[in-house]
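Contents: one structure, followed by commentary.
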Amino acid sequence: MSGIRNGNSGSTLITNIGELMTQDLEHRVLKDAAIVFEGERIAWMGSSADAPSADEQIDAEGRAVLPGWVDSHSHLVFAGDRTAEFEARMAGESYSAGGIAVTTGATRAASDDELTRLVRDRVAEAVSQGTTYLESKTGYGLDVENEARSARIAAAEVDEVTYLGAHLVPKGSDPEEYTDLVCGPMLDAVLPYVRWADVFCERGAFTEDQSRRVLTAARDAGLGLRVHGNQLGEGPGVALAVEFAAASVDHVNYLSDKDVRALAETWAGWDAATGRGTKGTVATCLPACDLSTRQPLAPGRELIDAGVQIALAANCNPGTSYTSSMAFCVTTAVLQMHLSVHEAVRAATYGGALALGRESGNDADGERAVGSLAVGHRADLHMLKAPSATHLAYRPGIPLTHSVWRAGVRAA
Ligand code: NIG
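6 is the number of the first residue of the sequence shown in my numbering; add one for each residue after it.
The structure is reproduced here in structure tokens:
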């Protein structure tokens, strides 16, 4: 158990863990457990009594350890403030996508250094609360130069970048011409920086036909797909995501029975016990956003019961969800969406990894799975100031992060 990799210190043993919630394929929850990691790789897990020695030893003193949160939906590249819009909403106005234009103006006006600092601060805030793997979208540039700049800045600061040129048709642009731009020159400009593409398929944003064009162009360019769908009303978002075999459809507040069935069918060829087979479309629920926009909470319970794999994400953005707290999402999912603590934590770790295609890896090649704890996976650990994950729901609002390791490096 020695050796130094990737510039990290040698092996670390954490012992006396009250509850080690692995979120692995067997859903193991180990009591009085220990874990060893070498560099970025988990090397051993088991009972504290059997733990091998290591270069560094940490006594968890009975605290719980979980995988770090995998936040699979955020919009971190923005400048400006939308407090006034939030206040108006709390006074009774309803959310509309129009506010995106306010943030676009402020984002375009910010310098590269300013935007980089803002994104870095938001990432640091998330990591300090236990997030160890983070996606961010573009979507507040909305012209070729500013979408490419947003993608470049995000790529330097987060783990996964999603192109969201199709967030809103900028004021004064013709919707069809703007969609051409999103599918053509803008897509070409962001390609070096992004792995995913997304479209906001909603009334007031992009129509079904426009969304289909965006998804087709992105797929042809080799990007993985996701869809913002069914956030403000029933609509074609889920059906489109299923048709395009998107990795996720996000928001999912207003679902018909047909939508739920269609999502469940995408998982029929996947074996949850082995993680093998053809993966379906993850339904990503965003409870902090739902509360802030006063939308009904996404039907996470119904989706799980139907056999759909779900993720929970914070959706940090200035308009609908200005928080990076995954713990808040987990708490809400338990208290309001009727998920068990294990299900909510799973959706915020393994579920996010599934949505990002990072739930499995290849130990021999050094390709590390995230979102669950098993030998060979990335050492992304979140230790709580509590003996069990149940305290996340039992003690709502209490900051329970004790310490965080990201790829084996102490990050908080
Ligand atoms: O995921 N729904 C679209 N996009 C963001 C909100 C964007 C904004 O209002 O600034 C979301 O909620």
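C-beta atoms are modelled at their ideal positions from N, C-alpha and C, and glycine is treated no differently.
Fair warning: this is a prediction, and the values are worked out from it, not measured in the lab.
Starting from residue i, trace the alpha helix (DSSP H) both ways and give me its first and last residue.
i	result
Y355	Y355 to A360
E119	D117 to S133
D193	P190 to V195
A412	No alpha helix (DSSP H) contains A412, which DSSP labels as neither H nor E.
D262	D262 to T271
Y399	H396 to Y399
A111	I105 to A114
E92	T88 to M95
C334	M331 to L340
L245	G242 to E248
Is it buried or exposed for residue i, if we count other Cβ within 10 angstroms and need 16 for buried?
i	result
S7	Residue placement at S7 is poorly supported in this model, since its pLDDT is 31, which falls under 50; the coordinates are not used for a value here.
T279	exposed
N11	Residue placement at N11 cannot be trusted, given a pLDDT of 40 that sits under 50; the coordinates are not used to answer.
F68	Looking at the sequence itself, residue 68 is Arg, so the reference to Phe does not match. Buried, since its Cβ has 16 or more Cβ neighbours within 10 Å.
M95	exposed
R281	exposed
K36	exposed
I19	buried
N258	buried
K263	exposed
T328	buried
G135	buried
G371	exposed
G274	exposed
S116	exposed
E92	exposed
P304	buried
A277	exposed
E61	exposed
R383	buried
I9	The pLDDT assigned to I9 is 30, lower than 50, so where the model puts this residue is not dependable, and the model offers no usable value.
T283	exposed
P323	buried
A89	exposed
A246	buried
E66	exposed
A114	exposed
When you compare each of the options to residue i by their alpha carbons, which one comes out closest?
i	options	result
G238	R217, R208 and A222	R208
V414	F42, M26 and L35	F42
E98	G305, T325 and D264	T325
A360	T167, L81 and P180	T167
K176	V257, G104 and G73	G104
L228	A115, L192, A332 and G371	L192
R125	A102, S253 and F83	F83
A318	E307, V254 and A277	V254
T336	G234, T88, I403 and Q215	I403
Y399	V174, F333, A358 and G376	F333
L147	S330, V204, D64 and V380	V204
H387	A39, R373 and A417	A417
A379	H32, S261 and S79	H32
Y138	S52, V313 and A374	A374
H256	T289, A244 and E119	T289
Residue range of the beta strand (DSSP E) that residue i falls in?
i	result
F42	V34 to E43
C290	V287 to C290
N151	N151 -> not in any beta strand (DSSP E); alpha helix (DSSP H) instead, spanning V149 to E162.
Q215	Here Q215 belongs to no beta strand (DSSP E); instead the alpha helix (DSSP H) covers E213 to D225.
Y138	T136 to K142
M26	S16 to M26
L386	L386 to L389
I63	E61 to D64
I47	R46 to S52
Measuring only from the beta carbon, is residue i closer than 7 Å to any heavy atom that is part of the ligand NAD?
i	result
T108	What this structure holds is the ligand NIG, not the ligand NAD.
Inset, instruction - Taking 8 Å as the threshold, find out whether the stretch 393-402 comes into contact with the stretch 51-59 through three or more Cβ pairs. - result: no
Legend entry - Three CB pairs or more closer than 8 Å across the stretch 145-160 and the stretch 351-370: no
Inset, instruction - Inspect the CB distances between the stretch 364-375 and the stretch 297-310 and report whether three or more fall short of 8 Å. - result: no
Inset, instruction - Indicate whether the contact test is met: 3 or more Cβ pairs, each with one atom in the stretch 210-223 and one in the stretch 174-190, closer than 8 Å. - result: yes
Inset, instruction - Could you say if the stretch 19-32 and the stretch 334-343 meet the contact criterion of at least three C-beta pairs nearer than 8 Å? - result: no
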